[in-house]
Structure formats: structure tokens, C-alpha cells
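Step one of this worksheet: look at the structure below.
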Amino acid sequence: MKQQVFLADESATLALAGKMAKACHTSTTIYLHGDLGAGKTCFSRGFIHGLGFEGRVKSPTYTLVEPYEVGPWRIFHFDLYRLSDPEELEFMGIRDYFEQDCINLIEWPDKGQGLLAPADLIIELAYVDNARSATLTAVSDTGQALITNTLK
Numbered sequence: 007m008k009q010q011v012f013l014a015d016e017s018a019t020l021a022l023a024g025k026m027a028k029a030c031h032t033s034t035t036i037y038l039h040g041d042l043g044a045g046k047t048c049f050s051r052g053f054i055h056g057l058g059f060e061g062r063v064k065s066p067t068y069t070l071v072e073p074y075e076v077g078p079w080r081i082f083h084f085d086l087y088r089l090s091d092p093e094e095l096e097f098m099g100i101r102d103y104f105e106q107d108c109i110n111l112i113e114w115p116d117k118g119q120g121l122l123a124p125a126d127l128i129i130e131l132a133y134v135d136n137a138r139s140a141t142l143t144a145v146s147d148t149g150q151a152l153i154t155n156t157l158k
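With the numbering used here as the guide, the letters of the sequence shown map in order to residues 7 to 158.
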């Protein structure tokens, strides 16, 4: 399943992400693609807050991953933009991040190719004039349910 959503501004990106988070009821991996500034971190912030996290959501550009805990969930926000070698993920114990109580938001997933768990949902954020669009592509039943429950 593939759906395209128009995002007029940052508030629309945060709202989509928050609504999707509220529809997320199982361990999920989301890949976020898009140019620099396209809204990947904004989406992640909205998603994490949508799950109920009330603190500051930091960009993991320099740390590679920022962890959050909300209720039963361990949430990991990855930004692999600065990753020089996918093998670095092995040293940080990447497999431990994909357990049944984990939700993963991964910016620049191509940089970790071969070492990341497969995506349930792929989100491509793109510029459309002064706004953005999000193309949502489900690649599992979990991703399909997220799209369906978010856009209904």
C-alpha cells in the first residue's frame, strides 16, 4: 500500500506523526527518507510526542541514536547521516534495538544497509513548493495497519 499526504507546514507534519503514533500498537520500524531539511526529525519529534513523551526530543545527528521510554515502549530515534561505516552499528549493539518492546524511527537508513531490521513503513518526505509531501509505503502488515489507521 502506498499513500501520499500533503503537509502544508510543520504543524501538519507534527499532526500526521502524532496521529500515526497513536495508531502504533506493536513493535515497529519506520525508515525516514528525504533531503536535508525535508522534515524527518520534525516527523520523529511529532511521533515521539504522540506516543506520550513530554520532554525535549533532540536530533541524534551527532549521537547516532537518542533513546526514549514511554509506557511499555523503548523508542529509538536514529539519524545515520554521519555514519561513515555501517559496521559502526555492530559496535553499538544494533540488534538490541529491534526487540519486541521497541519502536524505531530511522533517518538515512541507507547508511546502515544490511544491518538494520527491515522497515514496516517507509516514509519519503519531499519538498513541494513551500510545503512538503509524505509518501507512505507499507512493507509489512504492521505498516499497512499504521497507514490505514492514521488516514481513516
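Idealized CB from N, CA, C, for every residue including glycine.
What's the call for residue i, buried or exposed, on a 16-neighbour Cβ count within 10 Å?
{"i": "Lys46", "result": "buried"}
{"i": "Lys117", "result": "buried"}
{"i": "Arg101", "result": "exposed"}
{"i": "Gly61", "result": "exposed"}
{"i": "His31", "result": "exposed"}
{"i": "Met98", "result": "exposed"}
Give me the DSSP bridge partner(s) of residue i.
{"i": "Pro73", "result": "Phe82"}
{"i": "Ile206", "result": "For residue 206 there is no data in the structure shown, the boundaries of the chain being 7 and 158."}
{"i": "Asp68", "result": "Before going on, a small fix: residue 68 reads as Tyr here, not Asp. DSSP, once it has assigned bridges, lists no residue as partnering Tyr68."}
{"i": "Phe12", "result": "Ser139"}
{"i": "Leu22", "result": "Its beta-bridge partners do not exist; DSSP assigns none."}
{"i": "Ala29", "result": "In DSSP, Ala29 forms no bridge with anything."}
{"i": "Val134", "result": "Ala137"}
{"i": "Leu127", "result": "Ile36, Ala144"}
For residue i and residue j, what's the separation of their Cα atoms in angstroms?
{"i": "Pro224", "j": "Asn110", "result": "Nothing can be reported for residue 224: it is not among the residues displayed for the chain, which extend from 7 to 158."}
{"i": "Gly149", "j": "Thr143", "result": "8 Å"}
{"i": "Gly24", "j": "Phe53", "result": "5 Å"}
{"i": "Arg88", "j": "Tyr68", "result": "7 Å"}
{"i": "Leu22", "j": "Gly58", "result": "15 Å"}
{"i": "Glu105", "j": "Ser33", "result": "8 Å"}
{"i": "Asp85", "j": "Arg51", "result": "12 Å"}
{"i": "Ile36", "j": "Val134", "result": "22 Å"}
{"i": "Leu131", "j": "Ala44", "result": "6 Å"}
{"i": "Gln10", "j": "Ser90", "result": "32 Å"}
{"i": "Cys108", "j": "Ala14", "result": "30 Å"}
{"i": "Val63", "j": "Gly56", "result": "12 Å"}
{"i": "Ile114", "j": "Phe49", "result": "Checking the displayed sequence, the identity of residue 114 turns out to be Trp instead of Ile. Rounded to whole angstroms, Trp114 to Phe49 spans 13 Å at the Cα level."}
{"i": "Leu122", "j": "Tyr103", "result": "9 Å"}
{"i": "Phe12", "j": "Gln119", "result": "28 Å"}
Would you grab the beta carbon distance between residue i and residue j for me? Rounded to a whole angstrom, and I think it's under 8 Å.
{"i": "Val145", "j": "Ile129", "result": "11 Å between Cβ atoms; not a contact."}
Would you say residue i lies against chain D (beta-carbon separation less than 8 Å)?
{"i": "His39", "result": "Absent from the structure is chain D; it holds one protein chain and no more."}
### Query
At a cut of 8 Å, does the region 66–81 reach the region 147–155 through at least three beta carbon pairs?
The answer is no - the region 147–155 does not touch the region 66–81, with fewer than three Cβ pairs under 8 Å.
### Message
Does the structure place the region 83–96 close enough to the region 7–24 that three or more beta carbon pairs sit under 8 Å?
### Response
no
### Message
For the pair the region 35–51 and the region 130–138, tell me if three or more CB-CB distances fall below 8 Å.
### Response
yes
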